[in-house]
Amino acid sequence: MSGLRGLLAEFAGADDVLAAARAARRAGYVALEVFSPYPVEGVAEALAFRSRLAWVTFIAGLLGGATIFLFQGWVHAIDWHLDIGGRRSFAAPAFIVPTFEITILSAALATVFAMFVKNGLPRLHHPLFAIPAFERASQDRFFLFIGADDPRFAESAARAFLESLAPLEVHDVPR
Amino acid sequence: MAQYQDELDPITGRKELVDGANVTFHDVTEAVARPIEVPSSRWWIAFIPSVMLLGVYLISIAYLLYMGTGIWGLNNPVAWGWAIVNFVFWVGIGHAGTLISAILFLFRQKWRTSINRAAEAMTIFAVICALQFPTFHTGRPWFIYWPLPLPNQMEMWPNFRSPLLWDVFAVSTYFTVSLLFWYVGLIPDLATMRDRAKTPIRRFAYGLFALGWRGSTRHWLNYEKAYMILAGLSTPLVLSVHTIVSFDFAVSQLPGWHTTIFPPYFVAGAIFSGFAMVLTLLLPLRAWFKLEHIITIKHLENMAKIILLTGTMVGYAYAMEFFIAWYSGNPYESFAFQNRLFGDYWWAYWIMVSCNVITPQFFWIKRIRRSVVWLFILSIFVNIGMWFERFVITVTSLHHDFLPSSWDYYSPTVWDVSTLVGSFGLFFTLFCLFVRYLPTVAIGEVKSVMSIANPHYHGDGAHGERH
């Protein structure tokens, strides 16, 4: 392996990068990644990526809600009996309100942090940031990346393949 | 009506969300990022008065802490005055932000993209203002941590059966989730600002908060999933928050408060007032920042339609309250509503009705819905009316209730006024800082709804189908 982390092809349009990603999959590459200023419809499907964040939300919400509901019951019915306004100790209807809020709070916090973990954020430095053209990935350019760790990756062949997709330019990503 | 012909998207046949032929992604980035990178000196014209009002607020709170809540015009029957009125008012303002960012997202309303950032910022700042009031309205604000269920040496717990405790859970959850939602939405735009930054300080500051966002497919996939889940969680949250705020009243035994209609009625009122505040803020913003092609007249028109819808729901609730007061056959309940119409506070009631019932009905007229001047004026009226709604509900029900020997009149003092006026200072100071340092429009999201973002835009000809 050379000193390359991979090759990065730059495109001007969303349709170009979508077609390029599909072509790269057909050509058998697997270490693929697309960079775009907004989520381009169809790219995730073309690269066969999936997200399982919804499970995190579900489990965290369930745990948070159950915990606060049981905690309130424990406070009023077990730990500290107080007759406040003649209401029963285990006032389930009243407990629903904090239960609802804490369910949402724990589900939301867990979802966001799971998203950060899944995306490897925060990561303030990344080799891609060393490429001057990559600045436009967050503005108006679209990039297809093939990693050097791909079993099919051979520098000259991969470069020729990317050139065949008619990009604006192919950039080397150093290690 | 040729003058109302909007441009249509060649693929979907719907109205174009960004005005102007051949607007590119670069143009959108420039339009939003320019005012931050090359700030106009006119910003100070808004910022300096805001900070002065913030000073008024800080002085009012300092004096309150020194002297006690007696500096306000509260009396024994009316122990909830302007502080609670302002609390409900500010929480209500916040609700439109979440409606725009979450509920319209679930309904796939693409017109939300150009207004959601500013509306979410408005939510957060309005909730910050709202949180001040329950804190300082307590006689001893230094014990404000007692409502939190923290293990302590006294082995005491809060009472989970009180709506005021539910408020603590509701509003702090609302603040946290809205802040997360807003921040998650900001990350891609912070990355854009980082990549455009010319100075090391900017690059560092935006880079730090952008967390190293690279816009990869994996990033976007998890981001979109998280965003949708947050929208799904925020929707019941926003409905529950104002519901719980309404429980502060509805759970009591008081005629005029003990009303089962309050939860949906308060939520409708909150969205009504919140949208009015969004208009009040966005109309100057789009003119000063030259964003008329991104926040177009179609966006404003849609907001006016939602104000019309929720305003009509509020009007219906007013009528239903009166019907039930009569239908209940309860003398206290009938008296409470007669008292609103003709009692000591008749003027407050009639200000409320004229602003909230009549104002939105103007939006049936297309010419008014599409007139920036009319929208601005009417949005101010709605804000005034909704403040009076909370005043009428709180004060008129309290000042005359069961025992005539406990009837009194409530007049605010100068400190009530200065706290309310000052809370606007807090709000506008935060909002000015937001427009100065953060992108006021969600750049990435606007790009994704432009017709050139559609992968079929070039390839399949002008009338291809979307799938």
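Line by line, the protein sequences are chains V and Y.
So that you can map any letter, position 31 of the first sequence is 27 in my numbering, and since no number is skipped, the others follow by simple counting.
Basically my numbering = 1-based index in the second sequence + 1.
Note that CB positions come from ideal geometry on N, CA and C, so glycine has one too.
Bear in mind the structure is a predicted one, so any value in this text is a computation, not a measurement.
When DSSP reads this structure, A27(V) sits in no beta bridge, so it has no partner.
In terms of Cα proximity to V436(Y), the closest of W289(Y), A232(Y) and Y64(Y) is W289(Y). Around I80(V), the beta-carbon contacts reaching into chain Y at under 9 Å are N160, R162 and S163. The three-state secondary structure of R1(V), taken from DSSP, is strand.
Taken through DSSP and simplified to helix, strand or coil, E165(V) comes out as strand. Secondary structure of G270(Y) (DSSP, three-state): helix. Nearest neighbour of W183(Y) by Cα position, chosen from G386(Y), I378(Y), L286(Y) and R118(Y), turns out to be R118(Y).
Within chain Y, the residues T218, R219 and L222 have their CB atoms less than 8 Å from the CB of F45(V), given in chain order. Q135(V) has its alpha-carbon roughly 12 Å from the corresponding atom of A10(V).
The C-beta of A63(Y) has fewer than 16 other C-beta atoms within 10 Å across all chains shown, which makes the residue exposed. Y146(Y) counts as exposed, since fewer than 16 other beta carbons sit within 10 angstroms of its beta carbon. For T107(V), at least one C-beta of chain Y is nearer than 7 Å to its own C-beta. Distance between L28(V) and P189(Y), taken at the CA atoms: about 21 Å. For L434(Y), the enclosing alpha helix (DSSP H) has its first and last residue at V415 to Y438. Neighbours of S449(Y) across chain V, judged by C-beta separation under 7 Å: Y34 and P35.
Approximately 4 Å separates the beta-carbon atoms of H96(Y) and A271(Y); this is inside 8 Å, confirming the contact.
In this structure, A150(V) is the residue among S32(V), A156(V), I64(V) and A150(V) with its C-alpha nearest to the C-alpha of L0(V). The Cβ neighbour count for N357(Y), taken over all protein chains shown within 10 Å, is at least 16; the residue is labelled buried.
Residue state for P147(V) is assigned as coil, using DSSP reduced to three classes. Chain V places no beta carbon closer than 7 Å to that of H96(Y), leaving this residue out of the contacts. For the segment 85 to 104 of chain V, the set of positions with a beta-carbon nearer than 8 Å to some beta-carbon of chain Y reads A87, A90, F91, V93, P94, F96, E97, I98, I100, L101, A103 and A104 in chain order. As a beta-bridge residue in DSSP terms, I142(V) pairs with L3(V) and L28(V).
V108(V) sits close to L181(Y), with the two beta carbons spaced by under 7 Å. With respect to chain Y, the C-beta atom of W51(V) has no partner C-beta closer than 7 Å. Within chain V, the C-beta atoms nearer than 7 Å to that of V185(Y) come from V108, in chain order. Apart from sequence neighbours up to five positions away, the residues of its chain that approach V52(V) with a beta-carbon distance below 8 Å are A106, T107 and A110, ordered along the chain. Residues S85 and F86 of the same chain have their beta carbon placed closer than 6 Å to that of A73(V), with the five preceding and five following residues left out of the count. With 16 or more other CB atoms across the displayed protein chains lying within 10 angstroms of its CB, D196(Y) is buried. The alpha-carbon of I352(Y) is positioned some 20 Å away from that of F88(Y).
By the beta-carbon neighbour count (other beta carbons within 10 angstroms, threshold 16), S61(Y) is buried. Of the candidates L309(Y), G233(Y), A211(Y) and M123(Y), G233(Y) places its Cα closest to the Cα of R109(Y). With respect to chain V, the C-beta atom of H27(Y) has a partner C-beta closer than 7 Å.
The alpha-carbon of F338(Y) is positioned some 12 Å away from that of M321(Y). Residue pairing of S217(Y) in beta bridges, as defined by DSSP: F31(V). With respect to the C-alpha of G82(V), the residue from W45(Y), F137(Y), R162(Y) and W112(Y) having the closest C-alpha is R162(Y). The beta carbon of S407(Y) lies closer than 8 Å to those of N77 and P78 in the same chain, with the five residues before and after it left out.
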